[in-house]
Each structure stands twice: as C-alpha cells, then as structure tokens.
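Counting in our numbering, the sequence shown runs from 35 upward without gaps.
Beta carbons: idealized from backbone N, C-alpha and C, even for Gly.
The structure under discussion appears below in the form of structure tokens.
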Amino acid sequence: MMKVIFQKLVLFTFLIVCLTGCVRYDVGVNFSQANSGTIIQHIKLGEQLTSFSESEGNAWLNGIQKQALKLHGKVKRLSPEELVVTIPFNNGQDLVNKFNQFFISEVDSKVNRNLTEKREDSLLDLEANMAIKQSNLIFVERNILNFSADLTPLGVVSNQGNIIISSGDLINLQLSFNFPWGAKLITNDFPTWEREENNQYNISLKAGQVNDVTAIFWVPNYIGLGAGAIALFILLGFILKYPQFLKTMKKVS
Numbered sequence: 035m036m037k038v039i040f041q042k043l044v045l046f047t048f049l050i051v052c053l054t055g056c057v058r059y060d061v062g063v064n065f066s067q068a069n070s071g072t073i074i075q076h077i078k079l080g081e082q083l084t085s086f087s088e089s090e091g092n093a094w095l096n097g098i099q100k101q102a103l104k105l106h107g108k109v110k111r112l113s114p115e116e117l118v119v120t121i122p123f124n125n126g127q128d129l130v131n132k133f134n135q136f137f138i139s140e141v142d143s144k145v146n147r148n149l150t151e152k153r154e155d156s157l158l159d160l161e162a163n164m165a166i167k168q169s170n171l172i173f174v175e176r177n178i179l180n181f182s183a184d185l186t187p188l189g190v191v192s193n194q195g196n197i198i199i200s201s202g203d204l205i206n207l208q209l210s211f212n213f214p215w216g217a218k219l220i221t222n223d224f225p226t227w228e229r230e231e232n233n234q235y236n237i238s239l240k241a242g243q244v245n246d247v248t249a250i251f252w253v254p255n256y257i258g259l260g261a262g263a264i265a266l267f268i269l270l271g272f273i274l275k276y277p278q279f280l281k282t283m284k285k286v287s
C-alpha cells in the first residue's frame, strides 16, 4: 500500500512541476426552459501538455469531437489545442442521457484505455454521473438535478484518508449551471460555488474527492403556457361569438 502511495506521490510531484495548468476543463449546462437547453464543454490543453504528449492530446480532442457529432452537437475548434462543444437537449431526461453518454464515451476512449493499461492507477480513471427528477405542473416544471463526480484518482490519499497531494494544479475542473429563475444548490464538503447576477452558478470541483452537487430549480414550460393561451383564446372567442350561451348558463346556475 505504501509503495503504491509513494509511486503516485512521485508521479504527481513530477507532473505538477512539469505540467502545471496543463488542462482547462469546463462543462456548462444552460437550462432555459423545460423543452430546450444546451450542454457546453470547453477544453484547452496547455503548452506544457502538448509538448509532453502532443499525439495523445490531439487524439483525445479528436475523440471528443467525434462523440459530440454523434449526439447531434456542434464543435468549434479554436486551435489545435482548444475546442468548444455544444450539444442541444430537448428536456431534462434528454440532458441526463446525453451528458452520461457523452462523458462515459469520452472517459472510455481508446486513448484513455491505452493510458490506463500502462499503469494500474490511472489519472484518467474518473467517474461522473447525472440524474434528474421532474414534476410537470403544466405551466412550470420543478427539477431536482443530481451530479456526482468521483475525482479520487486525481489525488494521493494517505491511510488515514487525508489528501497528501492533489492534481488540481494539473487539471482545472469547472462546472456551471444557468437557470432562468435561479436555483437552490446543495453540495457536500468539497465543491465550492458562487452565483453570478445572471443566475449562473460556477462550481469548482475538488480533485482527489467525490464531489456531489444537487440543484433544485423551476423552469417555464412554454408548451403548457402556449396550450393554456390557446385554450383561453378559444374560450374568449366562443363567449364573444355566442353571448347568449353565457346568459343561459347564468340562468341555469
């Protein structure tokens, strides 16, 4: 056990010294309404990483690009080392399905499997999962969104469970949510977050720990609002066209 910790400690120390700030990894979820939204992923590889392993970095970005296109997303390649992925979703369940499918396929890519086979404790052996519970109230929708990311492979843990060293300097992991009416966020002890004026919540995930985030929020259901407006318009039109019917109903009552 001590041998494994020592090996990982040496590996992390070497990487932090040589590759500080090598990966920027941002994931954003814009949930503007019950039936529309986007997942936005921004990845930028630092010069240190591309110099250290340019072929693996490019292969990883190319794999992300292919997977995004399979999910009907769009990819903007800002440079050979940087890309922005935009994946649309139609509702909360579609968000969860696409997020989990995209993340699992990304982590289980050929590049990551090759790296994992080279050593028992891979830095890329990460797990993340998203789930949602929804209550449709016709005109609005209540959502409870749960996100969990196991980032323990990004840290060296002692026998007492303390983080000896973290690779947070290697990978900057950020998660953001944007809800039109705001949200209530519940987290465990590790992720930190702040709210901006436009109801955007920026969450910093902590390497070496299991990060849990729960967001409780309401979004407008424009399909329900549209159906209600049409029904009201038809009712008003009927009353204006047949005023005697309303008088008859009053007499009966």
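Practice task
Pick helix, strand or coil for TRP94, following the three-state DSSP scheme.
Solution key: Working through the sequence shown from its first residue, we reach residue 94 at position 60. Looking at TRP94 - three-state DSSP - the assignment turns out to be helix.
Exercise for the section: Just the C-alpha distance for ASN170 and GLY260, rounded to the nearest angstrom, thanks. Expected result: Counting from one through the sequence shown, the residue named residue 170 turns up at place 136. Counting from one through the sequence shown, the residue named residue 260 turns up at place 226. One C-alpha to the other measures close to 15 angstroms.
Handout entry: Backbone CA spacing between GLU161 and GLY271 [nearest angstrom]
Key = For this step, residue 161 is matched to residue 127 along the sequence shown. For this step, residue 271 is matched to residue 237 along the sequence shown. So the alpha carbons of these two residues sit roughly 56 angstroms apart.
Handout entry: For ASN245, the three-state DSSP class (helix, strand or coil)
Key = Translated into the one-based positions of the sequence shown, residue 245 becomes position 211. Reduced to three states, the DSSP call for ASN245 is strand.
Problem - Same chain, Cβ closer than 6 angstroms to GLY62, five either side skipped, listed in chain order - result: For the purposes of this step, residue 62 is taken as the residue at position 28 of the sequence shown. Cβ neighbours of GLY62 beyond the five flanking positions: ILE74, SER210.
Handout entry: Residues of its chain near ASN134, where Cβ-Cβ distance is below 7 angstroms and the 5 sequence neighbours each way are ignored
Key = Your numbering for residue 134 matches position 100 in the sequence shown. Contacts found: ASN163, MET164.
Problem - Unbroken beta strand (DSSP E) run spanning GLY62, endpoints - result: Taking the sequence shown and counting its residues from 1, one reaches residue 62 at position 28. Its beta strand (DSSP E) spans residues 57-67.
Exercise for the section: Kindly list the residues whose CB is nearer than 8 angstroms to the CB of VAL244, restricted to its own chain and excluding five residues on each side of it in sequence; keep chain order. Expected result: As a working mapping, residue 244 is identified with position 210 in the sequence shown. Excluding sequence neighbours, VAL244 sits near SER182, ALA183, ASP184, LEU185, THR186, ASN222, PHE224.
Exercise for the section: Can you tell me which of the three DSSP states LEU103 falls into? Expected result: The count along the sequence shown starts at 1 and reaches residue 103 at position 69. Three-state result, LEU103: helix.
Handout entry: Cross-strand partners of ASN131 (DSSP beta bridge)
Key = For this step, residue 131 is matched to residue 97 along the sequence shown. DSSP output for ASN131 lists no bridge partner at all.
Handout entry: As assigned by DSSP and simplified to three states, the class of GLY216
Key = Residue mapping note: residue 216 aligns to position 182 of the sequence shown, counting from 1. If DSSP states are grouped into helix, strand and coil, GLY216 belongs with coil.
Exercise for the section: Pick out whichever of ASN64, LYS132, PHE137, THR72 has its Cα sitting closest to the Cα of GLY97. Expected result: To locate residue 97, count along the sequence shown from 1; it is residue 63. With distances taken between Cα atoms, GLY97 lies closest to PHE137.
Exercise for the section: Would you decide whether ASN212 is buried or exposed? Buried here means 16 or more other CB atoms lie within 10 Å of its CB. Expected result: In the sequence shown, counting from the first residue as 1, residue 212 sits at position 178. It is buried - the Cβ of ASN212 has at least 16 other Cβ atoms within 10 Å.
Problem - Spatial neighbours of GLY258 in its chain, beta-carbon cut-off 7 angstroms, leaving aside the 5 residues before and after - result: Mapped onto the sequence shown, residue 258 falls at position 224. Taken in chain order, the residues that qualify are ILE172, PHE173.
Exercise for the section: For PHE251, count neighbouring C-beta atoms within 10 Å of its own C-beta (all shown protein chains included) and say buried if the count is 16 or more, exposed if not. Expected result: Reading the sequence shown from its first residue, position 217 is the one you call residue 251. It counts as buried.
Problem - Simplified DSSP assignment, three categories, for PHE267 - result: In the sequence shown, counting from the first residue as 1, residue 267 sits at position 233. Correct three-state label for PHE267: helix.
Handout entry: Cβ neighbours of PRO122 in the same chain (closer than 6 angstroms, five flanking residues each side left out)
Key = Counting from 1 along the sequence shown, the entry for residue 122 is found at position 88. These residues qualify, in order along the chain: THR72.
Problem - Residues near ASN64 in its chain [Cβ-Cβ closer than 6 angstroms; skip 5 each side] - result: To locate residue 64, count along the sequence shown from 1; it is residue 30. Only GLY71, THR72, ASN212 meet the Cβ criterion.
Problem - Which listed residue (GLU115, LEU105, ARG176) has its alpha carbon closest to that of ALA249 - result: Locating residue 249 in the sequence shown gives position 215, counting from the first residue. Of the candidates GLU115, LEU105, ARG176, the one whose C-alpha sits nearest the C-alpha of ALA249 is ARG176.
Handout entry: Per-residue burial, GLY91 [other beta carbons within 10 Å of its own, 16 or more giving buried]
Key = Indexing the sequence shown from 1 puts residue 91 at position 57. Under this definition GLY91 is a buried residue.
Problem - Span separating the alpha-carbon of GLU228 from that of ASN125 - result: Reading the sequence shown from its first residue, position 194 is the one you call residue 228. Reading the sequence shown from its first residue, position 91 is the one you call residue 125. Taking the straight line joining both Cα atoms gives about 25 angstroms.
Handout entry: Limits of the beta strand (DSSP E) - the one that PHE181 falls within
Key = Translated into positions along the sequence shown, residue 181 becomes position 147. Taken as a continuous stretch (DSSP letters only), the beta strand (DSSP E) holding PHE181 covers 174-184.
Exercise for the section: Give the DSSP-derived three-state secondary structure of LYS37 in the structure shown. Expected result: To locate residue 37, count along the sequence shown from 1; it is residue 3. At LYS37 the pLDDT is 44, less than 50, meaning the model places this residue with poor confidence; the figure from the coordinates comes in the next sentence. In the structure shown, LYS37 sits in a helix (DSSP, three-state: H, G or I).
Problem - Spatial distance of THR120 from VAL130 (CA atoms) - result: As a working mapping, residue 120 is identified with position 86 in the sequence shown. As a working mapping, residue 130 is identified with position 96 in the sequence shown. THR120 and VAL130: Cα-Cα distance of roughly 15 angstroms.
Problem - Per DSSP, cross-strand counterpart(s) of LYS240 - result: The count along the sequence shown starts at 1 and reaches residue 240 at position 206. Paired residue(s): none; LYS240 is not in a bridge.
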